[in-house]
Amino acid sequence: MTRFFSTASPVAFGVLAFGVLASTGCDQETADTCSVSNDALSLVAIVVDNGVKLRAEIDFESGDRTGLPNPLQVCDSETLTIGGESPTVTEKGDRIVYSVTLPLDTPPEVAFVLERNGEDEVEVRVSRPPSFSVTAPDDGQTVPRSEDLTLMWSPTVEGSEMLVSVEEDVGYGLCVVTQEGEHHYKTRVGVPVPDSGQWTIPAGAVTSETPGPCAAFYNLRRVLRSPYPADLAEGGFVEARVLRTVEIESVP
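Here our numbering is used: the first residue of the sequence shown is 104, the next is one more, and so on.
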């Protein structure tokens, strides 16, 4: 039985970043990939389908990522391609991210290839899980918190799981609130639910600290892990996500 969801660490979901990213140079003191062998190199490669485009990104570190970050930039004598394209590089504090934006009709497997100098080529292939559409609620629908809400999507994947979360339009505000437990949707990772095509959020599971309406949205994510190279350092992962978002107006 294929399991399309694996509970990723907070690091996994922190990697996710949609939108336009500015290209920047790397700090001169940052180590590069030429300074480490394959068995000391770890990577995180992610592909995300948000229904509009595909974003594919990768970052490299020295070691197994259990201590302080040791980000690596790709050195001048090595070449990285993602889906056959040269990526944009973006510094993000403790990470150096290489990314490309691809059309939705890109083949379901995206290759990340690092041609190394004096080491074997590193290649990972990220397979995307099946796409889906949210059929309920409608985008922009008014959703009373005092009533059950049934999320519906299609098609389903037998034996898989869907991640469900709720967020607000403005940062991590407290207009909508959920409590610890089975229906704690207001988390970065979300709540894993059976990929059966529908899931009911019971009345009162989502509350508010204000009496009025709240602008919010539900995220549904289907996640698939791909094999991680055995000859690299542990601590990385290879993952694809299909993300669908539906905006709602949450009211008492």
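Each residue gets a CB set at the ideal place from its N, CA and C atoms; glycine is no exception.
Exercise for the section: Report whether the distance from the Cβ of Ser-257 to the nearest heavy atom of the ligand ATP is below 6 Å. Expected result: By its list of ligands, the structure shown contains no ligand whatsoever, and the ligand ATP lies outside what it can speak to.
Problem - Three or more C-beta pairs below 8 Å linking the segment 210 to 223 and the segment 173 to 185 - result: yes
Practice task
Would you identify the three-state DSSP class for Cys-137, choosing helix, strand or coil?
Solution key: As a working note, residue 137 is residue 34 in the sequence shown. DSSP places Cys-137 in helix when its eight states are reduced to three.
Exercise for the section: Identify whether Asp-272 lies in helix, strand or coil by the three-state DSSP scheme. Expected result: Taking the sequence shown and counting its residues from 1, one reaches residue 272 at position 169. If DSSP states are grouped into helix, strand and coil, Asp-272 belongs with coil.
Problem - Gly-243 burial status per 10 Å Cβ neighbour count (16 or more: buried) - result: To locate residue 243, count along the sequence shown from 1; it is residue 140. That one is exposed.
Handout entry: For Pro-355, the nearest candidate out of Ser-263, Thr-204, Glu-250 and Trp-302 (CA to CA)
Key = By one-based count along the sequence shown, residue 355 stands at place 252. When each option's Cα is compared against that of Pro-355, the closest is Glu-250.
Practice task
Please name the residue in Lys-156, Ala-143 and Ala-148 whose C-alpha comes closest to that of Asn-173.
Solution key: Start at 1 with the first residue of the sequence shown, and residue 173 comes out as number 70. Residue Ala-143 is the option with its Cα nearest to Asn-173.
Handout entry: Rounded C-alpha distance that separates Pro-297 from Glu-222
Key = By one-based count along the sequence shown, residue 297 stands at place 194. By one-based count along the sequence shown, residue 222 stands at place 119. In a straight line, the C-alpha of Pro-297 is about 43 Å away from that of Glu-222.
Handout entry: Three-state class that DSSP yields for Asp-152 in the structure shown
Key = As a first step, residue 152 is located in the sequence shown; it is residue number 49 there, counting from the start. Note: Asp-152 maps to strand in three-state DSSP.
Practice task
Could you check which residue in His-286, Val-192, Val-345 and Met-265 has the C-alpha nearest to that of Ala-306?
Solution key: Working through the sequence shown from its first residue, we reach residue 306 at position 203. Considering only alpha carbons, the answer is His-286.
Practice task
Within the same chain, show all residues whose beta-carbon is closer than 7 Å to that of Ser-126, passing over the 5 residues directly before and after it, in chain order.
Solution key: Residue mapping note: residue 126 aligns to position 23 of the sequence shown, counting from 1. Residue placement at Ser-126 cannot be trusted, given a pLDDT of 39 that sits under 50; the coordinates are not used to answer.
Exercise for the section: Assign Ala-239 to one of two classes, buried (16 or more other C-beta atoms within 10 Å of its C-beta) or exposed (fewer than that). Expected result: On the sequence shown, position 136 is the one that residue 239 refers to. So Ala-239 counts as exposed.
Practice task
May I ask which residues mark the beginning and end of the beta strand (DSSP E) holding Ala-319?
Solution key: Here residue 319 is taken as the residue at index 216 of the sequence shown, counted from 1. Start and end: 317 to 329.
Practice task
Could you tell me which residues DSSP puts in a beta bridge with Val-177?
Solution key: Translated into the one-based positions of the sequence shown, residue 177 becomes position 74. Partner(s): none; Val-177 has no beta bridge.
Problem - Residues near Thr-209 in its chain [Cβ-Cβ closer than 7 Å; skip 5 each side] - result: By 1-based counting over the sequence shown, the position of residue 209 is 106. Leu-157 and Gly-186.
Problem - Beta-carbon gap between Arg-248 and Val-309 smaller than 7 Å - result: Within the sequence shown, residue 248 is the residue found at index 145, counting from 1. Within the sequence shown, residue 309 is the residue found at index 206, counting from 1. The answer is yes: Cβ separation under 7 Å.
Practice task
Just list the alpha helix (DSSP H) runs in the segment 180 to 215, keeping only unbroken ones of 4 residues or longer that don't cross its boundaries, in chain order.
Solution key: none
Handout entry: Option nearest Pro-258 by Cα separation, candidates Val-147, Gln-301 and Leu-277
Key = On the sequence shown, residue 258 is found 155 positions in, with the first residue counted as 1. Among Val-147, Gln-301 and Leu-277, the Cα nearest to that of Pro-258 is on Gln-301.
Practice task
Quick one: using the 10 Å Cβ neighbour count with 16 as the cut-off for buried, is Ala-333 buried or exposed?
Solution key: Along the sequence shown, read from residue 1 onward, the residue named residue 333 stands at position 230. Looking at its Cβ environment, which holds fewer than 16 other Cβ atoms inside 10 Å, Ala-333 is exposed.
Exercise for the section: Measure the C-alpha to C-alpha separation of Val-151 and Val-345 and round it to an integer number of angstroms. Expected result: What you label residue 151 is simply residue 48 of the sequence shown in a count that begins at 1. What you label residue 345 is simply residue 242 of the sequence shown in a count that begins at 1. Straight-line Cα distance between these residues: approximately 6 Å.
Exercise for the section: Please report how far the alpha carbon of Val-229 lies from the alpha carbon of Pro-211, in whole angstroms. Expected result: Here residue 229 refers to the residue found at position 126 of the sequence shown. Here residue 211 refers to the residue found at position 108 of the sequence shown. Their backbone Cα atoms lie some 8 Å apart in a straight line.
Problem - Helix, strand or coil at Ala-343 [DSSP, three-state] - result: As a working note, residue 343 is residue 240 in the sequence shown. In this structure, Ala-343 counts as strand in the three-state DSSP scheme.
Problem - Reduced DSSP category for Ala-143 - H, G, I as helix; E, B as strand; rest coil - result: Taking the first residue of the sequence shown as 1, we reach residue 143 at position 40. Three-state DSSP puts Ala-143 in a helix.
Handout entry: Proximal residues to Ser-299 (C-beta, below 7 Å), its chain only, five neighbours per side dropped
Key = For the purposes of this step, residue 299 is identified with residue 196 of the sequence shown, where counting begins at 1. So the list reads Thr-259, once near-sequence residues are dropped.
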